[in-house]
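Following: one structure in structure tokens, then a few remarks.
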Amino acid sequence: MSLVMSEEAVPPGITESYSGSDEPLDLVGVGFGPSNLGLAIAIEEYNATRPRRPVRAEFVEVKKQFGWHTGMLLPGTTMQISFLKDLATQRNARSRYSFVNYLAERDRLIDFINHQTFFPTRLEFHDYLSWAAESVSARVRYGTEAVASATSAAGSRSTAGASTARA
Ligand SMILES: Cc1cc2nc3c(=O)[nH]c(=O)nc-3n(C[C@H](O)[C@H](O)[C@H](O)COP(=O)(O)OP(=O)(O)OC[C@H]3O[C@@H](n4cnc5c(N)ncnc54)[C@H](O)[C@@H]3O)c2cc1C
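Residue 356 is where the sequence shown starts when you use our numbering, and the numbers rise one by one after that.
The following block contains the structure:
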């Protein structure tokens with residue numbers, strides 16, 4: 356999918372084309388929560404195997420920085436799913452973005468193992484997600500809200516993700 360937006364395709368009220376450049380994109384992600392973070396990791400790992408024709412992606416995120424339900428990070432609350440259901444392991448068990456690798460980089464692996472649990476605290480999982488969001492080589496526009504999507508005048512190429520900065 357191309358995301359080059361022609362002027363006539365921009366609906367009224369949208370002040371900025373999505374990509375901000377003429378570079379066509381293969382993909383735009385609205386929001387940069389865990390789902391699109393996982394997608395960004397998959398793209399990074401895919402692109403490492405296809406350097407000559409990388410997938411070009413950008414993400415827009417209305418928040419000014421990465422955060423996962425930050426109002427609900429109550430002390431002592433835990434994840435409802437196993438740590439193995441992280442951002443990458445089921446797709447690529449060798450990914451550097453696994454929760455286990457995060458623990459190793461934070462020097463927390465032994466502590467976590469000794470806890471004998473499959474369910475990290477939500478605070479720790481939030482730190483894991485933030486660590487991954489900082490590490491992944493994705494282009495993310497924080498402080499930007501997607502307000503509409505549109506089909507290009509050419510018809511054959513759809514466009515999406517027109518956005519206005521709210522910063
Ligand atoms: C308290 C709580 C506990 C949970 N616990 C678990 C759990 O233990 N295990 C589990 O698997 N799931 C859990 N969930 C479910 C949770 O929804 C998912 O884990 C996860 O957040 C889904 O990720 P997502 O990226 O699809 O959506 P979200 O996390 O909602 O992320 C969407 C992102 O898109 C951004 N956004 C939205 N609209 C726009 C726009 N128009 N323009 C730009 N940016 C936009 C938002 O700011 C947000 O950052 C929990 C949810 C809550 C609320």
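C-beta atoms are modelled at their ideal positions from N, C-alpha and C, and glycine is treated no differently.
Nothing here was measured: the structure is a model prediction, and the numbers come from that model.
Does ligand 1 have a heavy atom nearer than 7 angstroms to the CB of residue i?
i, result
"residue 387", "yes"
"residue 481", "no"
"residue 456", "no"
"residue 563", "As shown, the chain starts at 356 and ends at 522. That puts residue 563 outside it, with no answer to give."
"residue 500", "yes"
"residue 445", "no"
"residue 435", "yes"
"residue 423", "yes"
"residue 390", "yes"
"residue 415", "yes"
Tell me the DSSP secondary structure of residue i in three-state form.
i, result
"residue 504", "strand"
"residue 384", "strand"
"residue 378", "coil"
"residue 495", "strand"
"residue 523", "Outside the modelled stretch of the chain, which goes from 356 to 522, sits residue 523, for which no answer is possible."
"residue 443", "coil"
"residue 454", "helix"
"residue 467", "helix"
"residue 432", "coil"
"residue 395", "helix"
"residue 403", "helix"
"residue 448", "coil"
Between residue i and residue j, how many whole angstroms is the CB-CB distance? I'm expecting something under 8 angstroms.
i, j, result
"residue 459", "residue 396", "So it is not a contact: roughly 17 angstroms between Cβ atoms."
"residue 403", "residue 384", "With a Cβ gap of about 19 angstroms, residue 403 and residue 384 do not count as contacting."
"residue 474", "residue 437", "7 angstroms"
"residue 491", "residue 399", "6 angstroms"
So, are the CB atoms of residue i and residue j less than 8 angstroms apart?
i, j, result
"residue 382", "residue 410", "yes"
"residue 428", "residue 484", "no"
"residue 387", "residue 488", "yes"
"residue 476", "residue 432", "yes"
"residue 478", "residue 406", "no"
Assess, as a yes-or-no matter, whether the segment 417 to 427 is touched by the segment 450 to 470 under the definition of 3 or more beta carbon pairs within less than 8 angstroms. Taking a contact to require three or more Cβ pairs closer than 8 angstroms, the segment 450 to 470 and the segment 417 to 427 do not qualify as touching.
Under 8 angstroms: do the segment 400 to 420 and the segment 454 to 470 share three or more Cβ pairs, one atom per stretch? no
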